[in-house]
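Trainee: Structure provided below as structure tokens; questions to follow.
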Amino acid sequence: MITPPLGVNLFVAQSIAKCSFDSVVKEIIPLLIALIAILLVCVFFPQIVLWLPGVLGLI
Numbered sequence: 001m002i003t004p005p006l007g008v009n010l011f012v013a014q015s016i017a018k019c020s021f022d023s024v025v026k027e028i029i030p031l032l033i034a035l036i037a038i039l040l041v042c043v044f045f046p047q048i049v050l051w052l053p054g055v056l057g058l059i
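Numbered by full-length UniProt numbering, the letters in the sequence shown go through residues 1 to 59 in order.
Written out as structure tokens, the structure reads:
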């Protein structure tokens, strides 16, 4: 579960790893960029998301 409690997950990861919050945030930035890129692809190309429901006759 990454969203919506992303901040809570970062604090938990920081306390488990016993490192600074800044180092945790620096490590998660590439993952956030990937999530935003996937979100943009889904927004601008909804056919990708709607393909399977269309094949199954749900829409």
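No residue lacks a Cβ here, since even glycine has one placed at the ideal position from N, Cα and C. Note that the structure is predicted; figures quoted are calculated from it, not measured.
If I measure Cβ to Cβ from alanine 17 and keep anything under 6 Å in the same chain, skipping five residues before and after, which residues do I get?
Mentor: Closer than 6 Å at Cβ, skipping near neighbours: no residue.
Trainee: Alpha carbon to alpha carbon, how far is serine 23 from valine 8?
Mentor: Rounded to the nearest angstrom, the two C-alpha atoms are 15 Å apart.
Trainee: Would you grab the beta carbon distance between leucine 50 and isoleucine 36 for me? Rounded to a whole angstrom, and I think it's under 8 Å.
Mentor: Not quite, the Cβ-Cβ distance comes to about 21 Å (not below 8 Å), so this is no contact.
Trainee: Less than 8 Å between the CB atoms is what I'm expecting for isoleucine 28 and leucine 39, so what's the real figure, rounded?
Mentor: Rounded, the Cβ-Cβ distance is 16 Å, inconsistent with contact.
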